[in-house]
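A.B. asks: Letter 35 of the sequence shown, counting from 1, is numbered 248 in my numbering, and no numbers are missing.
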Amino acid sequence: MQFYVESLAELELLSQVASQRGTTAPVAVRVNPDVDAGTLDQITTGRADSKFGIDAGAARDYLMSIKSMPGIRFEGLAVHIGSQLTDIAPYRTAFQRLIALYHELRAAGLPLRRVDLGGGIGISYKHDLQAQFAETEKRVRDYATMVRGLVEGLDAELVFEPGRSLVGNAGLLVTRVLFVKDNDTRRFVIVDAAMNDLIRPSLYDAWHEILPVKAVPEGTPLRPVDVVGPVCESTDTFAKQRPLPPLSEGDLLVFSSAGAYSFVMASTYNSRPLPPEVLVRGGRFAVVRERMNYDTMIGQDRLPDWLSDGAAHPAVRKAAG
214 MQFYVESLAE LELLSQVASQ RGTTAPVAVR VNPDVDAGTL DQITTGRADS KFGIDAGAAR
274 DYLMSIKSMP GIRFEGLAVH IGSQLTDIAP YRTAFQRLIA LYHELRAAGL PLRRVDLGGG
334 IGISYKHDLQ AQFAETEKRV RDYATMVRGL VEGLDAELVF EPGRSLVGNA GLLVTRVLFV
394 KDNDTRRFVI VDAAMNDLIR PSLYDAWHEI LPVKAVPEGT PLRPVDVVGP VCESTDTFAK
454 QRPLPPLSEG DLLVFSSAGA YSFVMASTYN SRPLPPEVLV RGGRFAVVRE RMNYDTMIGQ
514 DRLPDWLSDG AAHPAVRKAA G
């Protein structure tokens, strides 16, 4: 175990707590390499204008000046430049800068032994399921080849945070059509899932393949539709003008590549209980997380005593009198 820190304030607090407890905290410092990951602005984390990490240019002097901080044992450096990267070139630049800094600090006497290269390898969202897996596998192999070339001979334990590349394509969101609604300009397919269940399309304008569960005969005509949820937000939209086969109330749809940044970002907005999770392996399946019920959802709510009838606000009592 180690603590990741990104500022002097965090280090000072960790030093204080560790010293009070009479222990030493192993620490890795996150470095900001000033590299544009080439992904969405909302999930780019390695540019100079990002809130993350310590500026790479100042990191050497910074770390050498505080290497004797009480309660702290510096063990490594870390970097993470963003999420959903589909090009490995930004990784190469960031890792080269981090490894150069690692060598400098080791040569200066800092006993570092670990390098965390973060995560962020992107997956494919816009193909059929088999193509998604194949494209993700190729990207991971290219990444591994690049890293192997950079770290050859590096005296360090390597840490990776693969995340999305492992589980992103492995998850599906299953939803049911509630209604099909037409107006003068388009057709809406209203489903029982909503932005609180899968927020990526609303938050990032992200694409998820939408497929009917039942097989559709080849040659079935497709029609552009908006796939939307029942929540009271215009952004509760999963897809706009997506070509889909004819759909009716009760039909099941799946949103593919929902294994990452989906359930973990879900909420109970609009008093909607969290959905269940089902683990599938071959022909076997099991519910691994039960659907939230309303008792659980509101069970932690409390009303203060002063909201009871006998303790109304003075202005209310005066008006009532």
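The beta carbon of each residue, even a glycine, is placed where N, CA and C say it ideally should be.
Is A250 close to the ligand SAH? I mean its beta-carbon at under 7 Å from any heavy atom of the ligand.
C.D. replies: With respect to small molecules bound, the structure shown includes none, and the ligand SAH cannot be examined in it.
A.B. asks: Could you tell me the alpha carbon to alpha carbon distance between R260 and R485, rounded to whole angstroms?
C.D. replies: In the sequence shown, the residue the question calls residue 260 occupies position 47. In the sequence shown, the residue the question calls residue 485 occupies position 272. If you take the alpha carbons of R260 and R485, they lie about 37 Å apart.
A.B. asks: Ignoring anything shorter than 3 residues, give me the beta strand (DSSP E) runs that lie fully in the region 440–525, in order along the chain.
C.D. replies: If we require 3 residues or more, the beta strand (DSSP E) runs fully inside the region 440–525 come out as 450–457, 465–468, 490–494 and 497–502.
A.B. asks: For E503, count neighbouring Cβ atoms within 10 angstroms of its own Cβ and tell me buried if that reaches 16, exposed if not.
C.D. replies: Start at 1 with the first residue of the sequence shown, and residue 503 comes out as number 290. The residue is exposed, with fewer than 16 neighbouring Cβ atoms inside 10 Å.
A.B. asks: Output yes or no for whether 8 Å exceeds the beta carbon distance between V393 and V404.
C.D. replies: To locate residue 393, count along the sequence shown from 1; it is residue 180. To locate residue 404, count along the sequence shown from 1; it is residue 191. It is not a contact, given that the beta carbons lie outside the stated cut-off.
A.B. asks: Label S521 either buried or exposed according to how many other C-beta atoms from any shown protein chain fall within 10 Å of its C-beta, with 16 as the threshold for buried.
C.D. replies: Numbered from 1 along the sequence shown, position 308 holds the residue referred to as residue 521. When all chains shown are included, S521 counts as exposed.
A.B. asks: For the beta strand (DSSP E) that contains V242, what are its first and last residues?
C.D. replies: For this step, residue 242 is matched to residue 29 along the sequence shown. Note, V242: beta strand (DSSP E), A238 to N245.
A.B. asks: Using the beta-carbon count (16 or more within 10 Å), is P517 buried or exposed?
C.D. replies: To locate residue 517, count along the sequence shown from 1; it is residue 304. The residue in question, P517, is exposed, as its Cβ has fewer than 16 Cβ neighbours within 10 Å.
A.B. asks: Between M408 and G384, which are expected to be in contact by the criterion C-beta below 8 Å, what is the C-beta distance as a whole number of angstroms?
C.D. replies: For the purposes of this step, residue 408 is taken as residue 195 along the sequence shown, with counting starting at 1. For the purposes of this step, residue 384 is taken as residue 171 along the sequence shown, with counting starting at 1. So it is not a contact: roughly 17 Å between Cβ atoms.
A.B. asks: Do V353 and E462 have their C-beta atoms within less than 8 Å of each other?
C.D. replies: For this step, residue 353 is matched to residue 140 along the sequence shown. For this step, residue 462 is matched to residue 249 along the sequence shown. Taking 8 Å as the Cβ cut-off, V353 and E462 do not qualify as a contacting pair.
A.B. asks: Helix, strand or coil for K394 per DSSP?
C.D. replies: For the purposes of this step, residue 394 is taken as residue 181 along the sequence shown, with counting starting at 1. Three-state DSSP puts K394 in a strand.
A.B. asks: When DSSP builds the beta bridges, which residues end up paired with E556?
C.D. replies: Lying outside 214 to 534, the shown extent of the chain, residue 556 is not represented and no answer is given.
A.B. asks: What residue range does the alpha helix (DSSP H) around F346 cover?
C.D. replies: By one-based count along the sequence shown, residue 346 stands at place 133. Note, F346: alpha helix (DSSP H), L342 to V364.
A.B. asks: Quick check: the Cα distance between A473 and I256, rounded to an integer number of angstroms?
C.D. replies: Looking up residue 473 in the sequence shown gives position 260. Looking up residue 256 in the sequence shown gives position 43. When rounded, the distance between both Cα atoms is 14 Å.
A.B. asks: Label G266 either buried or exposed according to how many other C-beta atoms from any shown protein chain fall within 10 Å of its C-beta, with 16 as the threshold for buried.
C.D. replies: For the purposes of this step, residue 266 is taken as the residue at position 53 of the sequence shown. G266 comes out buried.
A.B. asks: From the DSSP output, in three-state form, read off R234 for me.
C.D. replies: On the sequence shown, position 21 is the one that residue 234 refers to. Reduced to three states, the DSSP call for R234 is coil.
A.B. asks: Assuming E422 and S475 make a contact with CB atoms under 8 Å, what is their CB distance in whole Å?
C.D. replies: Sequence index remark: in the sequence shown, residue 422 carries index 209 (1-based). Sequence index remark: in the sequence shown, residue 475 carries index 262 (1-based). 14 Å between Cβ atoms; not a contact.
A.B. asks: So, helix, strand or coil for R536, using DSSP?
C.D. replies: Given that the chain is displayed from residue 214 to residue 534, the structure contains no residue 536 and the question cannot be resolved.
A.B. asks: Helix, strand or coil: which one does DSSP assign to L298?
C.D. replies: Here residue 298 is taken as the residue at index 85 of the sequence shown, counted from 1. In this structure, L298 counts as strand in the three-state DSSP scheme.
A.B. asks: Could you compute how far the alpha carbon of L226 sits from the alpha carbon of M282?
C.D. replies: Here residue 226 is taken as the residue at index 13 of the sequence shown, counted from 1. Here residue 282 is taken as the residue at index 69 of the sequence shown, counted from 1. Answer to the nearest angstrom: the Cα atoms are 11 Å apart.
A.B. asks: Grouping DSSP H, G and I as helix and E and B as strand, with all else coil, what is P303?
C.D. replies: Walking along the sequence shown from the start, residue 303 turns up at place 90. Three-state result, P303: helix.
A.B. asks: Is the beta carbon of P252 less than 8 Å from the beta carbon of S296?
C.D. replies: For the purposes of this step, residue 252 is taken as residue 39 along the sequence shown, with counting starting at 1. For the purposes of this step, residue 296 is taken as residue 83 along the sequence shown, with counting starting at 1. The question names Pro, but residue 252 is Thr in the sequence shown. Taking 8 Å as the Cβ cut-off, T252 and S296 qualify as a contacting pair.
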